[in-house]
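Residue numbers for the sequence shown follow the numbering used here, so the first one is 167 and each next one is one higher. Just so you know, even glycine gets a beta-carbon here, dropped at the ideal spot from N, CA and C. First up is the structure itself, then whatever we jot down about it.
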Amino acid sequence: MSGILKHWEISDIKALRFALGLTLATAIAFGIAWPISFLSVLLVGKLLSTDKPYLSLSEGMGLLVIISISMFGGLLLALVLLQYPSAFMMTLTLILLRIYYLGTRGAAPVLIIMMLIGFTVIPMLGLQSMTLAYEAVLALIFSTAVALTIAYIAYALVPGGTITASQNREKKPHGDVASAVKSTVVVLPLLLYIYLGNRSDAILMLVFVSILSQNTEFETGVKTGLGLVTGNLIGGAFGIVIYNALVAVPSFVFFILLMSSVWLFFSQQVFLKNTKGVLFGIAMSTIIVVLSGAFGYSSSDASNTVYIRILQLIMVAVYIAMSFSIINSLMLFFRRDKEKHVQAIP
């Protein structure tokens, strides 16, 4: 296939690989439907939507090892400190600060996402049952391994279209402590709500708040919040159409053919370097999460679950927009107040 692809545009190569990888991930994740299987599809989307060189086998194994350590680290945190609220929250706050800071230093997005899930979701599941938390750790590690394997297969079937290692020799960005603090502050109220109220029904929202809050472009507040809501509405609309189509034609083969068409369409949008590309990137995640609620491992009362998932994701978008807007306003207020005091000094 590499001979044929040699004459293709780079954007077309990336789009084909993206659509192929997501279709394969969707077939495996929804066909087998192990716990949290939808995460594999999300991670494949992340791995295949980058311009950077794909990971070598040793780098992929190293990434999986670090993610596994993070998952068991979250389980250990729950075992040791979950019964001591003050110590638990202080330790978790410091861990989150470090993870978000690594994100501002240019760490792999997949690594940051899984570390955030490991140290937030696993302890919260531990509130219900340590057995459940342990099973979630195994499912998350397995989902990561599946995602990496599918990404390698997609790159093997559709090679090229990425920059070379020599072109990628750029300096790592300096860590932004302020951004790390903001992201941590955004996540903490929801963590406290789940921890103190034992609200397991909000864990999915915690996953998306943790992931989305690491994106520094979301710090602009209301405008970006509207973009998040719009992206979720687009994904929600696609999810509803797909769900109703499958109700009319309940066939797994039809589902895969339909999803391959959807991912092929999305592959033409997500690589656009404009607002449209960002919106369809958000919409892609929404579709996966919405369908996982309807057809996933623990799906029940699918028709209601579809709309509940859409509502939850919109609530996440509004929460992130409001949180960053409030934090930025407070920081601006204190900065101006400090400047006034400095100017008042003779």
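Is it right to say residue i is buried, meaning 16 or more other beta carbons lie within 10 angstroms of its own, or is it exposed?
i: Arg501; result: exposed
i: Ser215; result: buried
i: Ile492; result: exposed
i: Ile235; result: exposed
i: Pro289; result: buried
i: Ala322; result: exposed
i: Met227; result: exposed
i: Ser427; result: exposed
i: Leu358; result: exposed
i: Leu477; result: exposed
i: Ser295; result: exposed
i: Lys324; result: Reading off the sequence shown, one finds Val at residue 324, where the question assumed Lys. When all chains shown are included, Val324 counts as buried.
i: Ser379; result: buried
i: Ala253; result: exposed
i: Phe204; result: buried
i: Ala291; result: It is Leu, not Ala, that sits at residue 291 in the sequence shown. Burial call: buried.
i: Asn440; result: exposed
i: Met497; result: exposed
i: Gly447; result: buried
Is the separation between the beta-carbon of residue i and that of residue j shorter than 7 angstroms?
i: Leu514; j: Ile265; result: This structure cannot settle anything about residue 514, because the visible part of the chain is limited to 167 through 512.
i: Ala305; j: Ile202; result: yes
i: Leu209; j: Ala313; result: yes
i: Thr286; j: Ile233; result: no
i: Asn364; j: Leu293; result: yes
i: Ile422; j: Ala193; result: yes
i: Ala344; j: Tyr267; result: no
i: Lys212; j: Pro275; result: yes
i: Leu438; j: Thr396; result: no
i: Leu262; j: Thr350; result: yes
i: Ile453; j: Phe499; result: no
i: Thr270; j: Asp178; result: no
i: Val352; j: Ser489; result: yes
i: Ile279; j: Ala191; result: no
i: Met237; j: Gly284; result: yes
i: Leu260; j: Trp429; result: no
Residue i and residue j look like a contact to me (Cβ under 8 angstroms); what is the Cβ gap, rounded to whole Å?
i: Thr257; j: Leu243; result: 7 angstroms
i: Ser433; j: Ala185; result: 4 angstroms
i: Gly401; j: Val456; result: 7 angstroms
i: Ser206; j: Ala195; result: 5 angstroms
i: Ile486; j: Leu394; result: 7 angstroms
i: Leu229; j: Leu221; result: 7 angstroms
i: Leu356; j: Val375; result: 6 angstroms
i: Ile406; j: Val472; result: 6 angstroms
i: Ile408; j: Leu424; result: 6 angstroms
Going by DSSP in three states, residue i sits in which element: helix, strand or coil?
i: Ser379; result: coil
i: Pro251; result: helix
i: Asp342; result: coil
i: Asn440; result: coil
i: Thr216; result: coil
i: Gly326; result: coil
i: Val351; result: helix
i: Arg271; result: coil
i: Pro201; result: coil
i: Arg365; result: coil
i: Ser417; result: coil
i: Glu225; result: helix
i: Ser458; result: helix
i: Tyr463; result: For Tyr463, the pLDDT reaches just 48, beneath the cut-off of 50, and the residue's location in the model is therefore unreliable, although a value from the coordinates is still provided. If DSSP states are grouped into helix, strand and coil, Tyr463 belongs with coil.
i: Gln478; result: helix
i: Glu175; result: coil
i: Leu258; result: helix
i: Leu293; result: coil
i: Phe184; result: helix
i: Phe500; result: helix
i: Ala331; result: For Ala331, the predicted structure reports a pLDDT of 44, less than 50, and the residue's modelled location is therefore unreliable. A value from the coordinates is still provided. Ala331 falls in the coil class under three-state DSSP.
Counting only beta-carbon separations shorter than 7 angstroms, does residue i have a partner in chain C?
i: Val428; result: The displayed structure is made up of one protein chain only, and chain C is not part of it.
Below 6 angstroms, is the gap between the Cβ of residue i and the nearest heavy atom of the ligand GDP?
i: Gly447; result: Judged by which ligands are present, the structure shown has none, so any question about the ligand GDP falls away.
Answer yes if the region 473 to 485 comes into contact with the region 246 to 257, meaning at least three C-beta pairs across the two stretches below 8 angstroms, and no otherwise. no
Could you say if the region 352 to 371 and the region 412 to 420 meet the contact criterion of at least three C-beta pairs nearer than 8 angstroms? no
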